[in-house]
Structures are given as C-alpha cells and as structure tokens.
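Notes to accompany the following structure.
2 protein chains.
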Amino acid sequence: MASRPNLSDIARQLGVSVATVSNALSGKGRVSRELGDAIRRKAEELGYIPSVAGRALSTGRSNVLGLVLADINQPLFPQFALNIEEAAGELGYGVLIGNSRGDPQEQERAIRRLIERGADGIVVVPRYDTRVTGHRWPIAVIDSPSSPDNTVSADHFNGGVAIGRHLRDLGHENVVIVGLYSGSNVQKDRVAGIKAAFDDRDLPIVWIQELERERGQNCPLGLVDFVKDGATAFACVSDLHALRAVTELQQAGIAVPGDVSVTGFDDLGWAGVVAPAITTMRMDMKRIAHLAIRHILHQLDANKHEAPEELAELSGGVPMELIIRQSSGPAPRARSNTDLAAVHARSE
Amino acid sequence: MASRPNLSDIARQLGVSVATVSNALSGKGRVSRELGDAIRRKAEELGYIPSVAGRALSTGRSNVLGLVLADINQPLFPQFALNIEEAAGELGYGVLIGNSRGDPQEQERAIRRLIERGADGIVVVPRYDTRVTGHRWPIAVIDSPSSPDNTVSADHFNGGVAIGRHLRDLGHENVVIVGLYSGSNVQKDRVAGIKAAFDDRDLPIVWIQELERERGQNCPLGLVDFVKDGATAFACVSDLHALRAVTELQQAGIAVPGDVSVTGFDDLGWAGVVAPAITTMRMDMKRIAHLAIRHILHQLDANKHEAPEELAELSGGVPMELIIRQSSGPAPRARSNTDLAAVHARSE
DNA sequence: CTGAAAGCGCTTACAG
DNA sequence: CTGAAAGCGCTTACAG
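Quick mapping for you: the protein sequence lines, in order, are chains A and B.
Counting with full-length UniProt numbering, you get residues 1 to 348 for the letters of the first sequence.
Counting with full-length UniProt numbering, you get residues 1 to 348 for the letters of the second sequence.
The structure is reproduced here in structure tokens:
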C-alpha cells in the first residue's frame with residue numbers, strides 16, 4: 001500500500017468486496033447510496049487512481065487512440081495534435097502519436113504500430129494521394145471531402161470559392177493560383193473552388209513542386225513575371241506559399257497589397273504577424289477533431305456513442321472561415337504603362 | 001482464436017507451457033534452441049502480437065512515455081514531437097501527448113494526467129518561467145542549460161555567441177536584438193550569448209511582448225526607426241521574429257540584406273523558403289530527444305540503462321549549428337547621409 | 001443491494 | 001531446459 005492504492009485497498013479498509021467497490025466507482029452495478037458514498041469518499045481520501053492496465057486487460061479496451069500525422073511539413077501539425085488530444089481527452093481517451101515521415105509505407109507501418117500498441121482506434125491525417133484502407137480497425141481519416149476514404153474534413157472547395165470571391169469583389173480579374181502539388185486532394189479542391197469563383201475560367205497555376213524539380217529546392221517562384229504580365233493577385237493554396245509569395249514580391253520592390261494582393265489558406269500561426277498580415281481561410285479544427293473522435297467511438301460501440309449525425313450533413317466538409325487581413329486589397333486600377341515600367345524598374 | 005492469438009494459443013498448438021513460450025519470446029529464461037525456434041516460428045505464423053495490457057499489468061510498466069508540450073505557439077512543436085516519438089520508438093516506447101495550453105497550472109495537470117494514464121516517464125518542454133518539480137516520477141525537462149530543472153537542451157548561450165560572431169564578422173557593429181519575452185530562459189541565454197559576442201556591450205533590445213502590451217497585438221515593431229538611427233542588423237531570438245522583422249523592413253522599402261541584415265534562431269520549417277532565406281541557428285533535436293529519453297529510462301531502471309554519460313559532459317547544452325543564408329550579409333559601409341535620406345524617403 | 005469467482009494475457013520466481 | 005502456479009488490478013456475469 002506504499003505504492004498506488006488499488007481497489008483491494010479500498011475494499012479492505014471498508015470491509016466490503018472488490019466487486020462492490022468497482023461497481024460503486026463505475027456507477028454500473030447498483031450499490032446503496034450510503035455505501036457508494038463511503039466508497040467514493042475513501043477512494044478520494046486514498047487518492048485512488050484506477051490502473052489503466054488492469055482495466056484494459058479486463059475490458060479489452062485501452063482508452064487510447066492513435067494519431068498518425070503525415071510529416072513535419074504538414075504545417076497544421078500542432079493544430080491537429082492539440083485539437084485531437086483535447087477532443088479525445090474530453091471523452092476519456094489518451095492520444096498516442098505516430099509519424100509517417102511523409103512516406104506512404106511508413107504511414108501504414110505507423111498505423112499498424114499504434115494498433116499493436118493497443119490503440120482502440122486511429123485518426124489519420126494522410127499524406128497526399130495515399131489511401132488508408134484495409135485495416136479492420138476503427139479509423140477516421142481527415143483529408144478532403146473528395147478523397148475516397150475521407151471521414152471528416154474542412155470544405156476546401158467552398159473555402160476556395162470564398163477566397164476567390166473575396167478577390168473578385170476587390171476587383172481582381174488577373175489572378176494566379178499558387179499550389180504545391182496537384183496530387184493533393186486538399187489542394188485540388190481548393191484550386192477548383194478558386195476557379196469556380198471565376199466562372200471556372202482557366203486561371204494560371206504555379207505548382208511549386210514541379211517548379212522546384214526543374215529549378216531546384218527553394219527556387220524563386222518567378223512571380224514578378226506574372227505581375228509584369230498584368231497579374232494583380234496571387235491566390236495561394238497555403239499560407240506557406242503566400243508567405244513565400246509576399247516575401248518574393250516585396251524583395252522585388254512590389255508592394256503588397258498596393259501593387260498586388262496575396263492570399264493564403266489555413267491561418268498558420270504567423271499569418272497574422274507578418275507584414276502585411278496574410279488574408280486566409282481558417283478551418284474549424286475543433287469541430288473536425290470532435291467529429292473524427294466521435295466517429296471512432298461510434299465504430300467502437302455503436303450503442304454507447306451514436307453516429308455523429310452531423311457527419312452525414314457535412315458530406316461537403318466543415319465550412320471554413322474567411323479571415324481578411326492586409327495582404328489583400330483593391331485591385332489597382334487597370335495598370336498604365338508607367339505603372340508597369342515602375343514595377344520593371346524596381347525589380348531590376 | 002478468431003481474434004488476436006495469445007501466448008496460450010501458441011503454447012497449446014505446440015503442446016508446451018505458456019511460461020516457456022513467454023521465455024522463448026522474451027529471450028529471458030533459457031529455452032533450448034530448437035524449442036525456441038519452433039516457438040518463434042509459430043508465433044510468426046500466427047501473427048502473434050503481445051498484449052501491451054497483459055504485459056503492463058504483470059510488469060508494472062506501460063512502455064509508454066508522456067510528452068508535455070507548452071502550447072501551439074511553441075514553433076518547434078512538430079520537431080519535438082517527431083524526434084521524441086522516434087527516439088522513444090527505437091527503444092520500444094510509445095508516446096502519449098499532453099498539452100499545457102501555455103498555462104502553468106495546465107502544465108502540471110497535463111503531467112499528472114499522463115502519469116495517471118500510466119506513462120512510465122514524462123518529457124516536458126516547459127512553458128517559460130515555470131518549474132517542473134515535485135513529481136516523484138521519472139521526468140526529463142528540455143529547456144535551457146541555465147534553467148534550474150533542466151535535463152537536456154541546446155547550448156543556447158553559445159548559439160547566441162555564434163550568431164553574434166557571424167554578424168560581427170560581417171562588419172556589423174550596430175546590432176539590435178529582438179526577442180519575445182525576457183522571462184524565457186532560452187531567450188535570456190541566447191541574448192546573453194549575442195551580447196557576449198560583442199564584448200558584452202549593451203545592445204538595444206526589443207522585447208516584443210512588452211511592445212505589444214503597449215501598442216496591441218501584432219503591432220509593428222518599429223524597426224525602421226532603428227535603421228534610421230544607424231542599425232545595420234537585427235539579431236532575432238527566433239525565426240518567427242526574424243520573419244516579422246524581414247517583412248516589416250521589406251514593406252518599408254528597406255532591403256534585406258542589402259541595407260540591413262536579419263538573423264533568427266531554430267531553423268523553422270519555412271526559414272529556408274522565404275525571400276530572403278533566413279540565417280539561423282539550428283539545434284540538434286535528434287540528439288536532444290535521445291538524451292532525454294535515455295535519461296528517463298535510466299531513472300526507470302538504472303542497471304538496464306546506464307546514465308547517458310554525455311549528459312554530464314553536456315552541462316552547457318548540445319551545440320547548435322549555424323546555418324548561413326541570404327538574410328545576413330556584409331554591413332553596408334558606414335552610411336552616408338544620402339543613404340539615410342534614401343531610407344527615409346522609401347519608408348514614408 | 002452485495003459478494004465470490006473467474007478471467008483478461010502476461011511475467012516471474014520457484015520446482016522439478 | 002521446462003512447467004505449474006501465483007499474481008498484476010480490474011470487470012463482469014452470476015448467485016445469494
């Protein structure tokens with residue numbers, strides 16, 4: 001009894017059976033009010049903490065969920081981790097982390113490892129263009145509504161529409177889209193949304209990954225050329241690209257948003273802090289995390305946790321929120337030649 | 001046997017005892033080569049996976065460690081999480097995440113929750129100016145060598161020295177330090193290091209938190225004024241501040257590094273991608289993570305895991321690495337009045 | 001309402 | 001080298 005007190009300790013001190021103590025503490029089998037109170041009081045007094053191992057062994061449930069994150073380059077990593085942890089915690093679950101290092105095979109291995117470690121279910125934020133399937137285990141996939149295995153996600157398409165409209169309302173017509181990789185469902189949906197806001201016009205797109213394959217890691221994106229050709233806005237599919245765009249333009253002497261507007265996606269931590277602060281779309285992480293967790297719990301025992309009905313309503317994804325900041329402003333009036341000359345001059 | 005096979009299944013199929021199977025699989029009690037091989041083969045064949053709950057209950061060890069991260073604003077969150085997870089995984093441990101939401105009380109609660117969840121030990125990356133003490137449980141604290149409860153950390157002081165030297169070597173003498181909060185041990189050490197590189201001269205410091213308390217969240221840092229007064233470099237204590245500085249300066253028409261150099265700390269994900277890419281100091285996360293984990297395992301059973309002797313050698317912290325990129329360059333020759341006038345003009 | 005008993009899957013002395 | 005037995009802490013039918 002020097003170490004953690006257990007059910008037997010409580011039972012012994014009270015002269016009752018372990019079963020009764022267990023029942024009283026769990027509130028399951030019926031126990032008289034007085035005895036129940038006495039037991040609870042004693043448990044409190046002894047600082048009783050149930051042994052997760054004991055419970056796990058007898059129930060077959062660990063009360064732990066696994067979270068598999070794609071990799072360090074997923075800029076929303078902390079947001080996912082924290083929100084999933086919080087949502088799980090509220091429902092009595094702990095969260096074990098796994099990491100796929102951006103490798104599809106590792107992703108599978110990570111899932112398996114977590115299952116072997118006893119996770120009752122897994123939340124996975126998958127790597128682009130990878131499928132999470134064939135595990136006969138409760139899983140929730142957070143990706144894009146258009147992804148085949150998707151469980152919950154933000155409504156990236158309409159997020160794109162919203163940001164596209166925002167730019168259009170500001171008078172921008174010559175918009176360039178900037179994305180990382182066309183194989184990402186999330187990015188595809190965002191891009192499609194942005195285009196939709198422009199009547200599905202065929203806006204030019206810069207795919208960074210392609211560009212870097214040609215010109216090398218972290219190469220300039222060559223955005224200044226687009227500006228010279230009349231572009232007045234860059235709609236980026238992530239704040240990360242927006243940041244890259246803003247700095248590249250600023251470095252070339254092009255004012256944001258004076259000469260050109262830039263928008264991002266995700267409202268990453270620093271998006272509101274840089275100069276100019278970045279206009280972006282934010283997803284409702286808290287809600288997404290809750291839905292994912294509840295979806296798993298429902299698979300775990302359908303009668304205790306009803307299916308999150310919202311999930312059905314949300315087949316298009318959880319709405320995103322437009323955050324307007326300084327990086328987007330009115331389109332400059334149709335540029336005169338002198339304006340363009342000025343841009344040329346400054347960027348030499 | 002429809003579900004996961006267990007030791008009994010293996011034992012029964014082979015007509016041996018569970019104890020022997022356990023011994024064979026763990027390699028502890030001695031078992032004849034042939035029997036051992038047969039058992040291992042059968043285990044493999046059945047796809048045997050040990051039950052963590054069963055093992056935990058009988059050994060009193062969960063083989064899980066807890067990781068408490070300060071909050072979402074800790075920009076190294078993903079790095080810590082991934083590296084700790086990896087280091088723990090290599091030694092057979094899983095990692096449960098906890099989150100202190102930047103609140104000292106929550107930090108304590110998070111630690112306790114993880115212990116209650118059965119974590120064998122805890123790694124904590126504490127919030128500024130908070131102590132992690134009084135838990136009679138294996139703990140490793142990753143902070144700054146000068147922190148009272150510190151276990152492992154980067155050598156922030158000498159990191160500061162290195163970056164200070166770098167600037168000085170480039171000819172910068174009018175250097176302004178930019179930090180968030182003087183209460184942070186990490187930041188204090190970095191600042192002290194930078195100053196040391198300048199013979200402990202009393203370099204001006206901008207503490208962002210103070211500034212924001214006066215002027216409001218995300219206010220401009222007013223760096224242009226320093227430039228007008230002759231500053232040629234800003235040594236920032238985090239890449240985050242460096243980014244803020246770079247964009248603020250660029251927005252004001254001040255060229256980085258042409259007019260002014262800017263350096264950061266931590267080599268955050270985007271530091272190499274913005275324009276100009278940010279010169280920074282990187283910590284050896286992998287090594288730090290390993291040391292922290294091994295320190296915990298040593299506390300857990302000293303005879304199985306020897307104390308990481310390196311820990312003693314590293315009382316000053318794990319060396320940091322200087323990453324030179326484009327945001328730092330030679331100090332402009334002593335500025336003429338016309339230069340200053342130009343800066344004035346551009347920043348109006 | 002209360003309790004005796006079995007069992008979850010493993011490990012660990014201890015005998016043989 | 002191998003195995004019978006006890007025990008880790010809890011939960012869950014089942015009796016009483």
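Heads up, the beta-carbon is just placed ideally off N, CA and C, and yes, glycines get one too.
Given the structure is predicted, the values throughout are model-derived calculations rather than measurements.
Are three or more beta carbon pairs between the region 10–17 of chain B and the region 303–322 of chain A nearer than 8 Å? no
Would you be able to state if there are at least three C-beta pairs under 8 Å between the region 111–122 of chain A and the region 65–78 of chain A? Yes, they touch.
Who pairs with Glu-321(A) in a beta bridge, going by DSSP? Within the first sequence, residue 321(A) is the residue found at index 321, counting from 1. Looking at the DSSP assignment, Glu-321(A) forms a beta bridge with Arg-282(A).
For the alpha helix (DSSP H) containing Leu-211(B), list its first residue and its last residue. By one-based count along the second sequence, residue 211(B) stands at place 211. Taken as a continuous stretch (DSSP letters only), the alpha helix (DSSP H) holding Leu-211(B) covers 208–215.
My assumption, with CB atoms under 8 Å, is that Leu-7(B) sits in contact with Leu-57(A). Please give the rounded CB distance. For this step, residue 7(B) is matched to residue 7 along the second sequence. For this step, residue 57(A) is matched to residue 57 along the first sequence. Leu-7(B) to Leu-57(A), Cβ: 13 Å. No contact.
Partners in chain B for Pro-332(A), counting only beta-carbon separations shorter than 7 Å: One-based indexing of the first sequence puts residue 332(A) at position 332. Those within 7 Å of Pro-332(A) in chain B number zero; the least Cβ separation is about 17 Å.
Span of the beta strand (DSSP E) holding Ala-20(A)? The sequence position of residue 20(A) within the first sequence is 20, counting from 1. Correcting the residue identity first, residue 20(A) is Thr in this sequence and not Ala. No beta strand (DSSP E) holds Thr-20(A); the alpha helix (DSSP H) holding it covers 18–26.
Excluding the five sequence neighbours on either side, which residues of its own chain have a C-beta within less than 8 Å of the C-beta of Gly-329(B), listed in chain order? Counting from 1 along the second sequence, the entry for residue 329(B) is found at position 329. The answer, listed in chain order, is Leu-170, Pro-257, Gly-258, Ser-261.
Who does Leu-65(B) pair with in a DSSP beta bridge? Within the second sequence, the letter at position 65 stands for residue 65(B). Partner(s): Val-95(B), Gly-121(B).
Tell me whether Ala-196(A) sits in a helix, a strand or coil according to DSSP, three-state version. The residue given as residue 196(A) occupies position 196 in the first sequence. Here Ala-196(A) sits in helix by DSSP.
Once DSSP output is grouped into helix, strand and coil, what is the label at Ser-261(B)? Taking the first residue of the second sequence as 1, we reach residue 261(B) at position 261. Three-state DSSP puts Ser-261(B) in a strand.
Contact check, Gly-162(B) vs Thr-151(B), beta carbons under 7 Å: In the second sequence, the residue the question calls residue 162(B) occupies position 162. In the second sequence, the residue the question calls residue 151(B) occupies position 151. The sequence given here has Ala at residue 162(B), not Gly. Not closer than 7 Å, so no.
Taking the continuous alpha helix (DSSP H) assigned at Gly-269(B), which residues delimit it? Here the question's residue 269(B) lines up with position 269 in the second sequence. Note, Gly-269(B): premise wrong, no alpha helix (DSSP H); not H, not E.
Below-7 Å beta-carbon distance, Thr-247(B) vs any chain A residue: Here residue 247(B) corresponds to residue number 247 of the second sequence, with the count starting at 1. Taking Cβ atoms only, chain A reaches closer than 7 Å to Thr-247(B), which makes this a yes.
Buried or exposed: Asp-37(A), going by 16 or more other Cβ atoms within 10 Å of its Cβ? Along the first sequence, read from residue 1 onward, the residue named residue 37(A) stands at position 37. When all chains shown are included, Asp-37(A) counts as exposed.
Which listed residue (Thr-279(A), Leu-268(A), Glu-173(A)) has its alpha carbon closest to that of Asp-229(A): Taking the first sequence and counting its residues from 1, the one referred to as residue 229(A) is at position 229. Answer by Cα proximity: Glu-173(A).
Establish whether the CB of Gly-94(B) and some CB of chain A are separated by less than 7 Å. The residue given as residue 94(B) occupies position 94 in the second sequence. Residue-level contact check: Gly-94(B) touches chain A, since one or more beta carbons of chain A fall below 7 Å from its beta carbon.
Leaving aside the five residues before and after Ile-296(B) along the sequence, list all residues of the same chain whose C-beta is less than 8 Å from its C-beta, in chain order. As a position in the second sequence, residue 296(B) is number 296, starting the count at 1. Excluding positions up to five away in sequence, the list reads Leu-65, Asp-120, Gly-121, Ile-122, Val-123, Pro-138, Ile-139, Ala-140.
Option in Gly-222(B), Arg-165(B), Ser-153(B), Pro-145(B) with minimal Cα separation from Val-178(B): As a first step, residue 178(B) must be located in the second sequence, where it is residue number 178. Out of Gly-222(B), Arg-165(B), Ser-153(B), Pro-145(B), Gly-222(B) has the C-alpha closest to the C-alpha of Val-178(B).
Give the interface partners of Glu-116(B) over in chain A, defined as CB-CB distance under 7 Å, in chain order. Numbered from 1 along the second sequence, position 116 holds the residue referred to as residue 116(B). Those are Ile-49, listed as they occur along chain A.
Among Ala-11(B), Gln-187(B), Gly-317(B), Gly-316(B), which one has its Cα closest to the Cα of His-241(B)? Counting from one through the second sequence, the residue named residue 241(B) turns up at place 241. Of the listed residues, the one whose Cα sits closest to His-241(B) is Gln-187(B).
Assign Cys-236(A) to buried or exposed, taking buried as 16 or more other Cβ atoms, counted over all protein chains shown, within 10 Å of its Cβ. Here residue 236(A) refers to the residue found at position 236 when the first sequence is read from its first residue. Under this definition Cys-236(A) is a buried residue.
Closer than 7 Å by beta-carbon distance: list the chain B residues that pair up with Gly-329(A), in chain order. Taking the first sequence and counting its residues from 1, one reaches residue 329(A) at position 329. Per Cβ cutoff of 7 Å: no residues; Gly-329(A) is ~13 Å from chain B at best.
What is the DSSP secondary structure of Ile-115(B), counted as helix, strand or coil? To locate residue 115(B), count along the second sequence from 1; it is residue 115. Reduced to three states, the DSSP call for Ile-115(B) is helix.
Whether Met-320(B) touches Ala-154(B) by CB criterion (7 Å): If you number the second sequence from 1, residue 320(B) lands on position 320. If you number the second sequence from 1, residue 154(B) lands on position 154. Closer than 7 Å, so yes.
Could you pull the start and end residues of the alpha helix (DSSP H) that Gly-230(B) belongs to? Looking up residue 230(B) in the second sequence gives position 230. Where Gly-230(B) is concerned, there is no enclosing alpha helix (DSSP H), given that its DSSP letter is neither H nor E.
Considering only residues of the same chain and omitting the five flanking positions on each side of Tyr-181(A), which have a CB-CB separation below 7 Å? By 1-based counting over the first sequence, the position of residue 181(A) is 181. Around Tyr-181(A): Tyr-128, Gln-187, Trp-207, Gln-209.
Neighbourhood of Ala-231(B) by C-beta distance below 6 Å, restricted to the same chain and skipping five residues each side: Numbered from 1 along the second sequence, position 231 holds the residue referred to as residue 231(B). Result list for Ala-231(B): Asn-174, Val-176, in chain order.
Going by DSSP, what residue range makes up the beta strand (DSSP E) through Ile-177(A)? Here residue 177(A) corresponds to residue number 177 of the first sequence, with the count starting at 1. Judged by DSSP secondary structure, Ile-177(A) falls within the beta strand (DSSP E) whose first and last residues are 175–179.
Do Gly-29(A) and Pro-145(A) have their C-beta atoms within less than 7 Å of each other? Mapped onto the first sequence, residue 29(A) falls at position 29. Mapped onto the first sequence, residue 145(A) falls at position 145. No, the pair does not count as a contact, with Cβ atoms beyond the cut-off.
Out of Gly-272(A), Ala-53(A), Glu-45(A), Ile-194(A), which has the shortest C-alpha to C-alpha gap to Gly-216(B)? As a working note, residue 216(B) is residue 216 in the second sequence. That would be Gly-272(A), whose Cα lies nearest to the Cα of Gly-216(B).
May I ask you to list, following chain order, the residues of the region 121–145 of chain A that have a beta carbon less than 9 Å from some beta carbon of chain B? none
Closest residue to Leu-35(A) among Ser-22(A), Ala-196(A), Met-283(A) (Cα-Cα distance): The sequence position of residue 35(A) within the first sequence is 35, counting from 1. Out of Ser-22(A), Ala-196(A), Met-283(A), Ser-22(A) has the C-alpha closest to the C-alpha of Leu-35(A).
Measuring only the C-alpha atoms, how far is Asn-337(B) from Val-224(B)? Here residue 337(B) corresponds to residue number 337 of the second sequence, with the count starting at 1. Here residue 224(B) corresponds to residue number 224 of the second sequence, with the count starting at 1. Caution applies to Asn-337(B), whose pLDDT of 49 falls short of 50 and renders its modelled position unreliable; the value that the coordinates give is listed next. Going by the C-alpha atoms only, they are around 16 Å apart.
Counting pairs of beta carbons, one from the region 106–113 of chain B and one from the region 74–92 of chain B, are three or more of them closer than 8 Å? With a cut-off of 8 Å on Cβ pairs, the region 106–113 of chain B is not in contact with the region 74–92 of chain B, counting fewer than three such pairs.
Beta-carbon proximity list for Arg-4(B), same chain, < 7 Å, skipping 5 on both sides: Translated into the one-based positions of the second sequence, residue 4(B) becomes position 4. Around Arg-4(B): Ile-49.
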